[in-house]
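Engineer: Take a look at this one; I'll ask things after.
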Amino acid sequence: MHGQKDIAKISNHDEDRITSMMDGRDDMAVEYRRLGIARILLDKVVKEARDYGCGTVQITASDMGVLLYTDYGFRKNGNFMYYTF
């Protein structure tokens, strides 16, 4: 739509995984931070992974995202964080 811009999106579905939540961007636009958007997107990623039959969601998190993922229930494993159903 004209005049709108993407702030974040879930993309790049493979046959067995979602490979990107931010469509290749490092972070969300500053004016959209702290509004709960990342949590909504994370809920969608986790739901889709569960519905698809995945047993684990594994991510790499920016320093800014670690608190969100930890609060959600993700655990650290080396350079990755994971959430198990």
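Position 26 of the sequence shown, counting from 1, maps to 12 under this note's numbering, and the rest follow consecutively.
Backbone N, C-alpha and C fix where the C-beta goes; we use that ideal spot for every residue, glycine too.
Go to T70, then tell me how far its beta strand (DSSP E) extends in each direction, as first and last residue.
Structural biologist: As a first step, residue 70 is located in the sequence shown; it is residue number 84 there, counting from the start. Looking at the DSSP string, the run of the beta strand (DSSP E) that includes T70 is 66 to 70.
Engineer: Can you give me the C-alpha to C-alpha distance between Y55 and M67, rounded to a whole angstrom?
Structural biologist: Residue mapping note: residue 55 aligns to position 69 of the sequence shown, counting from 1. Residue mapping note: residue 67 aligns to position 81 of the sequence shown, counting from 1. Looking at the two C-alpha atoms, the distance is approximately 8 Å.
Engineer: In chain order, what are the residue ranges of uninterrupted beta strand (DSSP E) at least 3 long that sit wholly in the region 39 to 63?
Structural biologist: Qualifying beta strand (DSSP E) stretches, in chain order: 42 to 45, 61 to 63.
Engineer: Going along the chain, which residues of its own chain have a beta-carbon closer than 7 Å to the beta-carbon of V43, five neighbours each way excluded?
Structural biologist: Walking along the sequence shown from the start, residue 43 turns up at place 57. Counting only Cβ-Cβ distances below 7 Å, and skipping sequence neighbours, we find V31, V32, A35, Y68, Y69.
Engineer: For F60, is the classification buried or exposed, using 16 other Cβ atoms within 10 angstroms of its Cβ as the cut-off for buried?
Structural biologist: Within the sequence shown, numbered from 1, the residue matching residue 60 stands at position 74. F60 comes out buried.
Engineer: For I45, which residues of its own chain have a beta-carbon under 6 Å away from its beta-carbon, when the five flanking residues on both sides are left out?
Structural biologist: Along the sequence shown, read from residue 1 onward, the residue named residue 45 stands at position 59. M67, listed in sequence order.
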